[in-house]
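Below: one structure, written as C-alpha coordinates.
Numbering (full-length UniProt numbering), first residue to last: 1 to 363.
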(Lines of atoms letter the chains of each structure in order from A and count residues from 1; the text may use other names and numbers.)
(Lines give C-alpha, C1' and ligand atoms only; values in the text may rest on other atoms or scores of the structure.)
Protein backbone atom coordinates (compact mmCIF):
# COMPACT_ATOMS: atom_id res chain seq x y z
CA UNK A 1 0.00 0.00 0.00
CA UNK A 2 1.39 3.42 -0.97
CA UNK A 3 1.85 5.99 1.84
CA UNK A 4 -0.62 8.45 0.28
CA UNK A 5 -3.24 5.77 -0.35
CA UNK A 6 -3.03 4.67 3.28
CA UNK A 7 -3.16 8.33 4.33
CA UNK A 8 -6.42 8.99 2.49
CA UNK A 9 -8.05 5.78 3.73
CA UNK A 10 -7.00 6.59 7.30
CA UNK A 11 -8.47 10.09 7.05
CA UNK A 12 -11.74 8.68 5.70
CA UNK A 13 -11.91 6.45 8.77
CA UNK A 14 -11.31 9.45 11.03
CA UNK A 15 -14.23 11.31 9.45
CA UNK A 16 -16.61 8.72 10.86
CA UNK A 17 -16.21 9.83 14.48
CA UNK A 18 -14.09 13.00 14.44
CA UNK A 19 -15.12 16.58 13.75
CA UNK A 20 -14.18 18.21 10.46
CA UNK A 21 -11.71 20.53 12.18
CA UNK A 22 -10.02 17.60 13.93
CA UNK A 23 -9.66 15.65 10.68
CA UNK A 24 -8.25 18.76 9.02
CA UNK A 25 -5.66 19.11 11.78
CA UNK A 26 -4.70 15.44 11.27
CA UNK A 27 -4.26 16.11 7.57
CA UNK A 28 -1.93 19.07 8.22
CA UNK A 29 0.16 17.08 10.71
CA UNK A 30 0.65 13.88 8.70
CA UNK A 31 0.86 15.22 5.15
CA UNK A 32 4.50 16.45 5.54
CA UNK A 33 5.47 12.92 6.63
CA UNK A 34 3.75 11.36 3.61
CA UNK A 35 5.47 13.85 1.29
CA UNK A 36 8.80 13.07 2.97
CA UNK A 37 8.33 9.34 2.35
CA UNK A 38 7.55 10.00 -1.31
CA UNK A 39 10.72 12.08 -1.63
CA UNK A 40 12.64 9.23 0.01
CA UNK A 41 11.34 6.85 -2.64
CA UNK A 42 9.11 4.86 -0.29
CA UNK A 43 6.39 3.71 -2.69
CA UNK A 44 5.14 0.91 -0.45
CA UNK A 45 4.67 1.12 3.31
CA UNK A 46 6.12 -2.38 3.60
CA UNK A 47 9.48 -0.75 2.81
CA UNK A 48 9.17 1.79 5.64
CA UNK A 49 11.65 1.32 8.48
CA UNK A 50 12.90 3.07 11.58
CA UNK A 51 15.60 4.94 9.67
CA UNK A 52 12.96 6.84 7.69
CA UNK A 53 11.19 7.77 10.91
CA UNK A 54 14.47 8.90 12.48
CA UNK A 55 15.42 11.07 9.48
CA UNK A 56 12.02 12.77 9.42
CA UNK A 57 12.18 13.35 13.18
CA UNK A 58 15.67 14.87 12.90
CA UNK A 59 14.59 17.09 10.03
CA UNK A 60 11.63 18.46 12.01
CA UNK A 61 13.62 19.05 15.19
CA UNK A 62 16.45 20.81 13.35
CA UNK A 63 14.14 23.16 11.46
CA UNK A 64 14.23 25.61 14.38
CA UNK A 65 10.69 26.86 13.79
CA UNK A 66 8.68 24.24 15.67
CA UNK A 67 7.62 24.34 19.30
CA UNK A 68 7.83 21.30 21.53
CA UNK A 69 4.07 20.94 21.96
CA UNK A 70 3.58 21.27 18.19
CA UNK A 71 6.09 18.48 17.59
CA UNK A 72 4.37 16.40 20.26
CA UNK A 73 1.02 16.76 18.46
CA UNK A 74 2.47 16.05 15.03
CA UNK A 75 4.48 12.97 15.97
CA UNK A 76 1.62 11.64 18.08
CA UNK A 77 -0.71 11.86 15.08
CA UNK A 78 1.88 10.28 12.79
CA UNK A 79 2.08 7.36 15.20
CA UNK A 80 -1.71 6.95 14.93
CA UNK A 81 -1.35 6.85 11.13
CA UNK A 82 1.37 4.20 11.37
CA UNK A 83 -0.69 2.14 13.83
CA UNK A 84 -3.47 2.13 11.26
CA UNK A 85 -0.92 0.84 8.75
CA UNK A 86 0.02 -1.95 11.16
CA UNK A 87 -3.62 -3.02 11.49
CA UNK A 88 -3.83 -3.06 7.68
CA UNK A 89 -0.71 -5.28 7.50
CA UNK A 90 1.04 -2.50 5.56
CA UNK A 91 3.58 -1.41 8.20
CA UNK A 92 5.97 -3.50 10.27
CA UNK A 93 4.80 -3.50 13.93
CA UNK A 94 8.13 -2.20 15.26
CA UNK A 95 8.04 0.99 13.17
CA UNK A 96 5.32 2.86 15.08
CA UNK A 97 7.10 2.33 18.40
CA UNK A 98 10.17 4.10 16.98
CA UNK A 99 8.32 7.42 16.73
CA UNK A 100 9.91 9.39 19.56
CA UNK A 101 7.15 11.66 20.88
CA UNK A 102 8.47 14.47 23.13
CA UNK A 103 7.09 14.27 26.66
CA UNK A 104 5.50 17.47 27.91
CA UNK A 105 5.19 18.71 31.46
CA UNK A 106 1.77 19.90 32.64
CA UNK A 107 2.79 23.53 32.11
CA UNK A 108 4.03 22.76 28.60
CA UNK A 109 0.73 21.07 27.73
CA UNK A 110 -1.30 24.09 28.80
CA UNK A 111 -1.24 27.41 26.99
CA UNK A 112 -1.73 29.96 29.78
CA UNK A 113 -2.82 32.70 27.42
CA UNK A 114 -6.43 33.81 27.82
CA UNK A 115 -8.65 36.85 27.44
CA UNK A 116 -8.69 38.42 30.92
CA UNK A 117 -12.06 39.30 32.40
CA UNK A 118 -11.43 43.04 32.59
CA UNK A 119 -10.39 43.19 28.94
CA UNK A 120 -13.56 41.35 27.93
CA UNK A 121 -15.67 43.75 29.99
CA UNK A 122 -13.92 46.74 28.40
CA UNK A 123 -14.58 45.36 24.91
CA UNK A 124 -18.26 44.76 25.65
CA UNK A 125 -18.63 48.19 27.23
CA UNK A 126 -17.10 49.83 24.14
CA UNK A 127 -19.33 47.87 21.77
CA UNK A 128 -22.38 48.61 23.90
CA UNK A 129 -21.69 52.35 23.65
CA UNK A 130 -20.49 52.74 20.09
CA UNK A 131 -21.62 49.64 18.16
CA UNK A 132 -24.73 48.58 20.04
CA UNK A 133 -26.50 45.50 18.62
CA UNK A 134 -24.00 45.23 15.75
CA UNK A 135 -22.80 41.85 14.58
CA UNK A 136 -19.52 42.42 16.42
CA UNK A 137 -21.43 43.25 19.61
CA UNK A 138 -23.51 40.06 19.34
CA UNK A 139 -20.48 37.93 18.49
CA UNK A 140 -18.36 39.25 21.37
CA UNK A 141 -21.25 38.94 23.84
CA UNK A 142 -21.93 35.33 22.79
CA UNK A 143 -18.25 34.37 22.82
CA UNK A 144 -17.84 35.68 26.33
CA UNK A 145 -21.13 34.74 27.99
CA UNK A 146 -21.67 31.29 26.46
CA UNK A 147 -18.01 30.31 26.09
CA UNK A 148 -19.01 28.50 22.91
CA UNK A 149 -16.64 27.41 20.18
CA UNK A 150 -16.48 29.44 16.97
CA UNK A 151 -18.06 26.59 15.01
CA UNK A 152 -20.98 26.46 17.43
CA UNK A 153 -21.69 30.18 17.06
CA UNK A 154 -21.44 29.90 13.30
CA UNK A 155 -24.04 27.11 13.39
CA UNK A 156 -26.72 29.21 15.11
CA UNK A 157 -29.81 30.02 13.05
CA UNK A 158 -32.47 32.57 13.87
CA UNK A 159 -34.72 29.67 14.86
CA UNK A 160 -32.16 28.64 17.51
CA UNK A 161 -32.65 31.91 19.40
CA UNK A 162 -35.41 31.82 22.02
CA UNK A 163 -36.23 35.25 23.40
CA UNK A 164 -40.00 35.25 24.02
CA UNK A 165 -42.90 32.93 24.80
CA UNK A 166 -43.86 32.72 21.13
CA UNK A 167 -40.46 31.25 20.32
CA UNK A 168 -41.16 28.26 22.57
CA UNK A 169 -43.74 26.97 20.08
CA UNK A 170 -40.84 25.91 17.84
CA UNK A 171 -39.77 23.41 20.48
CA UNK A 172 -43.02 21.49 20.01
CA UNK A 173 -41.73 20.24 16.68
CA UNK A 174 -38.23 19.24 17.74
CA UNK A 175 -37.56 15.53 17.33
CA UNK A 176 -35.69 15.27 20.63
CA UNK A 177 -38.86 16.41 22.42
CA UNK A 178 -40.99 13.61 21.00
CA UNK A 179 -42.92 13.00 24.22
CA UNK A 180 -46.54 13.00 25.27
CA UNK A 181 -48.51 16.25 25.25
CA UNK A 182 -48.76 16.48 29.03
CA UNK A 183 -45.04 15.84 29.49
CA UNK A 184 -44.22 18.37 26.77
CA UNK A 185 -46.33 21.04 28.46
CA UNK A 186 -44.60 20.32 31.75
CA UNK A 187 -41.18 20.65 30.10
CA UNK A 188 -42.07 23.89 28.33
CA UNK A 189 -43.63 25.27 31.49
CA UNK A 190 -40.31 24.94 33.27
CA UNK A 191 -38.20 26.53 30.53
CA UNK A 192 -36.71 29.91 31.42
CA UNK A 193 -36.13 32.50 28.72
CA UNK A 194 -33.98 33.72 27.05
CA UNK A 195 -31.69 30.98 25.74
CA UNK A 196 -29.92 29.77 22.61
CA UNK A 197 -29.97 26.19 21.35
CA UNK A 198 -26.83 24.76 19.75
CA UNK A 199 -27.72 22.05 17.21
CA UNK A 200 -25.63 19.63 15.16
CA UNK A 201 -26.58 19.76 11.46
CA UNK A 202 -23.70 18.00 9.67
CA UNK A 203 -25.57 17.49 6.40
CA UNK A 204 -26.05 21.24 6.07
CA UNK A 205 -22.45 22.33 6.76
CA UNK A 206 -22.90 23.35 10.40
CA UNK A 207 -21.54 20.45 12.49
CA UNK A 208 -20.72 20.76 16.17
CA UNK A 209 -17.34 19.54 17.38
CA UNK A 210 -18.98 17.10 19.81
CA UNK A 211 -21.60 16.17 17.20
CA UNK A 212 -25.00 15.28 18.72
CA UNK A 213 -23.34 15.17 22.11
CA UNK A 214 -22.72 18.90 21.74
CA UNK A 215 -26.39 19.77 21.21
CA UNK A 216 -27.63 21.78 24.16
CA UNK A 217 -29.76 24.75 25.19
CA UNK A 218 -27.80 27.47 27.00
CA UNK A 219 -29.46 30.15 29.10
CA UNK A 220 -28.33 33.70 28.42
CA UNK A 221 -28.70 36.90 30.40
CA UNK A 222 -31.57 39.32 29.89
CA UNK A 223 -29.02 41.88 28.70
CA UNK A 224 -27.68 39.58 25.98
CA UNK A 225 -31.25 38.66 25.06
CA UNK A 226 -32.07 42.33 24.56
CA UNK A 227 -28.99 42.86 22.39
CA UNK A 228 -29.94 39.83 20.29
CA UNK A 229 -33.50 41.09 19.91
CA UNK A 230 -32.37 44.51 18.71
CA UNK A 231 -29.76 42.98 16.40
CA UNK A 232 -32.29 40.65 14.79
CA UNK A 233 -34.91 43.35 14.36
CA UNK A 234 -32.77 46.31 13.34
CA UNK A 235 -29.17 45.50 12.45
CA UNK A 236 -28.85 41.97 11.13
CA UNK A 237 -27.98 41.87 7.42
CA UNK A 238 -30.65 39.76 5.73
CA UNK A 239 -29.34 36.58 4.20
CA UNK A 240 -29.75 32.83 3.83
CA UNK A 241 -27.16 30.13 3.36
CA UNK A 242 -27.00 27.60 0.55
CA UNK A 243 -29.41 25.34 2.45
CA UNK A 244 -31.98 28.14 2.65
CA UNK A 245 -31.46 28.47 6.40
CA UNK A 246 -31.32 31.87 8.05
CA UNK A 247 -28.08 32.17 10.06
CA UNK A 248 -27.90 34.40 13.10
CA UNK A 249 -24.47 35.70 12.10
CA UNK A 250 -24.66 36.59 8.45
CA UNK A 251 -21.97 37.52 5.97
CA UNK A 252 -22.20 39.86 3.03
CA UNK A 253 -20.44 37.22 0.98
CA UNK A 254 -22.12 34.15 -0.50
CA UNK A 255 -23.57 31.89 0.84
CA UNK A 256 -24.60 34.28 3.60
CA UNK A 257 -23.33 32.55 6.75
CA UNK A 258 -20.21 33.79 8.49
CA UNK A 259 -17.24 31.42 8.29
CA UNK A 260 -15.19 30.11 11.20
CA UNK A 261 -12.22 32.06 9.85
CA UNK A 262 -14.45 35.14 9.74
CA UNK A 263 -15.28 34.69 13.42
CA UNK A 264 -11.58 34.24 14.18
CA UNK A 265 -10.70 37.48 12.37
CA UNK A 266 -13.38 39.40 14.29
CA UNK A 267 -12.16 37.92 17.59
CA UNK A 268 -8.63 39.04 16.72
CA UNK A 269 -9.66 42.54 15.73
CA UNK A 270 -11.89 43.09 18.75
CA UNK A 271 -8.96 42.28 21.02
CA UNK A 272 -6.69 44.84 19.39
CA UNK A 273 -6.70 47.57 22.06
CA UNK A 274 -6.67 50.39 19.50
CA UNK A 275 -9.91 49.07 17.97
CA UNK A 276 -11.86 49.50 21.19
CA UNK A 277 -10.75 52.93 22.31
CA UNK A 278 -7.55 51.98 24.15
CA UNK A 279 -3.98 53.17 23.78
CA UNK A 280 -1.65 50.78 21.99
CA UNK A 281 0.43 49.02 24.68
CA UNK A 282 3.07 48.11 22.11
CA UNK A 283 4.14 51.66 21.14
CA UNK A 284 2.84 51.27 17.61
CA UNK A 285 1.17 53.89 15.48
CA UNK A 286 -2.24 52.50 14.44
CA UNK A 287 -2.00 54.48 11.20
CA UNK A 288 0.83 52.30 9.90
CA UNK A 289 0.61 49.21 12.13
CA UNK A 290 0.88 46.01 10.11
CA UNK A 291 -1.79 44.38 12.29
CA UNK A 292 -4.39 46.86 11.01
CA UNK A 293 -4.09 45.40 7.51
CA UNK A 294 -6.88 43.00 6.57
CA UNK A 295 -5.74 39.43 7.07
CA UNK A 296 -2.84 40.46 9.32
CA UNK A 297 -4.81 41.08 12.53
CA UNK A 298 -3.03 38.26 14.37
CA UNK A 299 0.26 40.18 14.18
CA UNK A 300 -0.86 42.32 17.11
CA UNK A 301 0.63 40.86 20.33
CA UNK A 302 -2.59 41.64 22.23
CA UNK A 303 -5.00 39.68 20.05
CA UNK A 304 -6.82 36.62 21.35
CA UNK A 305 -8.35 33.84 19.28
CA UNK A 306 -11.89 32.54 19.91
CA UNK A 307 -10.33 29.70 21.91
CA UNK A 308 -8.72 32.25 24.25
CA UNK A 309 -12.08 33.98 24.66
CA UNK A 310 -13.40 30.55 25.68
CA UNK A 311 -10.56 30.01 28.15
CA UNK A 312 -11.17 33.44 29.65
CA UNK A 313 -14.89 32.75 29.87
CA UNK A 314 -14.32 29.51 31.79
CA UNK A 315 -12.05 31.32 34.26
CA UNK A 316 -14.65 34.09 34.65
CA UNK A 317 -17.38 31.51 35.34
CA UNK A 318 -15.20 29.80 37.95
CA UNK A 319 -14.34 33.13 39.57
CA UNK A 320 -18.08 33.79 39.86
CA UNK A 321 -18.61 30.50 41.68
CA UNK A 322 -19.74 28.18 38.89
CA UNK A 323 -19.04 24.50 39.48
CA UNK A 324 -16.80 22.76 36.91
CA UNK A 325 -19.60 20.27 36.20
CA UNK A 326 -22.02 23.06 35.23
CA UNK A 327 -19.42 24.77 33.03
CA UNK A 328 -18.64 21.48 31.29
CA UNK A 329 -22.32 20.97 30.48
CA UNK A 330 -22.80 24.55 29.31
CA UNK A 331 -19.72 24.58 27.10
CA UNK A 332 -19.83 20.98 25.83
CA UNK A 333 -16.52 19.89 27.27
CA UNK A 334 -15.29 17.67 30.10
CA UNK A 335 -14.81 18.48 33.76
CA UNK A 336 -11.20 17.33 33.37
CA UNK A 337 -10.53 19.92 30.65
CA UNK A 338 -12.28 22.64 32.64
CA UNK A 339 -10.01 21.98 35.59
CA UNK A 340 -6.74 21.25 33.80
CA UNK A 341 -6.79 23.44 30.70
CA UNK A 342 -9.51 26.07 30.54
CA UNK A 343 -9.59 27.35 34.11
CA UNK A 344 -6.60 29.69 34.52
CA UNK A 345 -7.31 31.78 37.60
CA UNK A 346 -5.48 34.63 39.19
CA UNK A 347 -4.42 32.93 42.41
CA UNK A 348 -5.15 35.86 44.73
CA UNK A 349 -8.63 36.33 43.27
CA UNK A 350 -9.44 32.65 43.68
CA UNK A 351 -8.17 32.78 47.27
CA UNK A 352 -10.64 35.57 47.98
CA UNK A 353 -13.45 33.32 46.77
CA UNK A 354 -12.24 30.51 49.02
CA UNK A 355 -12.23 32.98 51.91
CA UNK A 356 -15.97 33.48 51.46
CA UNK A 357 -16.43 29.73 51.69
CA UNK A 358 -14.20 29.61 54.77
CA UNK A 359 -16.43 32.11 56.52
CA UNK A 360 -19.45 29.89 55.78
CA UNK A 361 -17.88 27.11 57.86
CA UNK A 362 -18.54 29.14 61.01
CA UNK A 363 -21.98 30.52 60.21
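Positions of the beta carbon are idealized from the N, C-alpha and C atoms, including for glycine. Predicted model only: the values in this text are computed from it and were never measured.
My guess is that residue i and residue j are in contact by the Cβ rule of under 8 Å, so how many angstroms apart are they, rounded?
i: residue 228; j: residue 163; result: 6 Å
i: residue 39; j: residue 52; result: Contact flag wrong, Cβ pair sits at about 11 Å.
i: residue 116; j: residue 312; result: 6 Å
i: residue 161; j: residue 75; result: No, residue 161 and residue 75 are not in contact; Cβ-Cβ is about 43 Å, not under 8 Å.
i: residue 314; j: residue 122; result: Residue 314 to residue 122, Cβ: 19 Å. No contact.
Considering only the alpha carbon of each residue, which of the options lies closest to residue i?
i: residue 298; options: 261, 83 and 33; result: 261
i: residue 154; options: 202, 63, 166 and 113; result: 202
i: residue 306; options: 281, 270 and 335; result: 270
i: residue 150; options: 337, 336 and 331; result: 331
i: residue 251; options: 67, 139 and 221; result: 139
i: residue 219; options: 196, 239, 2 and 276; result: 196
i: residue 210; options: 70, 231 and 148; result: 148
i: residue 190; options: 165, 204, 208 and 214; result: 165
i: residue 60; options: 143, 102, 245 and 213; result: 102
i: residue 316; options: 68, 73, 17 and 118; result: 118
i: residue 10; options: 67, 80, 75 and 319; result: 80
i: residue 268; options: 257, 318, 216 and 136; result: 136
i: residue 98; options: 50, 194, 334 and 15; result: 50
i: residue 194; options: 334, 319, 37 and 221; result: 221
i: residue 125; options: 257, 278 and 320; result: 278
i: residue 95; options: 288, 54, 204 and 29; result: 54
i: residue 42; options: 238, 318 and 6; result: 6
Excluding the 5 residues flanking residue i on each side, which residues of the same chain have their C-beta closer than 7 Å to its C-beta?
i: residue 242; result: 255
i: residue 233; result: none
i: residue 33; result: 56 and 78
i: residue 301; result: 282
i: residue 91; result: 45, 48, 82 and 85
i: residue 274; result: 280 and 286
i: residue 387; result: Here the chain covers residues 1 to 363 and nothing more, so residue 387 does not appear.
i: residue 246; result: 157, 158 and 240
i: residue 93; result: 86
i: residue 292; result: 286
i: residue 244; result: none
Does residue i pass the burial test, meaning 16 or more other C-beta atoms within 10 Å, or should it be called exposed?
i: residue 294; result: exposed
i: residue 22; result: exposed
i: residue 87; result: exposed
i: residue 282; result: exposed
i: residue 323; result: exposed
i: residue 120; result: buried
i: residue 31; result: exposed
i: residue 296; result: exposed
i: residue 236; result: buried
i: residue 173; result: exposed
i: residue 24; result: exposed
i: residue 129; result: exposed
i: residue 132; result: exposed
i: residue 58; result: exposed
i: residue 19; result: buried
i: residue 143; result: buried
Any idea which residues DSSP pairs residue i with across the strands?
i: residue 257; result: 250
i: residue 217; result: 197
i: residue 162; result: 195
i: residue 206; result: 201
i: residue 157; result: 247
Counting only the same chain and skipping the five closest in sequence on each side, list residues whose C-beta sits under 6 Å from that of residue i.
i: residue 224; result: 141 and 145
i: residue 110; result: The predicted model places residue 110 with a pLDDT of 48, which falls under 50 and marks its position as unreliable, so this point remains unresolved.
i: residue 206; result: 155
i: residue 168; result: 188
i: residue 304; result: 115 and 271
i: residue 1; result: 45 and 90
i: residue 37; result: 3
Return the chain-ordered list of same chain residues with a C-beta closer than 8 Å to the C-beta of residue i, the five sequence neighbours on each side being excluded.
i: residue 337; result: 328
i: residue 214; result: 152, 198, 200, 208 and 332
i: residue 395; result: Here the chain comprises residues numbered 1 to 363, so residue 395 is not present and cannot be evaluated.
i: residue 290; result: 296 and 299
i: residue 264; result: 150, 305 and 306
i: residue 134; result: 127, 231 and 235
i: residue 216; result: 197, 198, 329, 330 and 332
i: residue 192; result: 219
When you compare the CB of residue i with every CB in chain D, is at least one pair closer than 8 Å?
i: residue 131; result: Absent from the structure is chain D; it holds one protein chain and no more.
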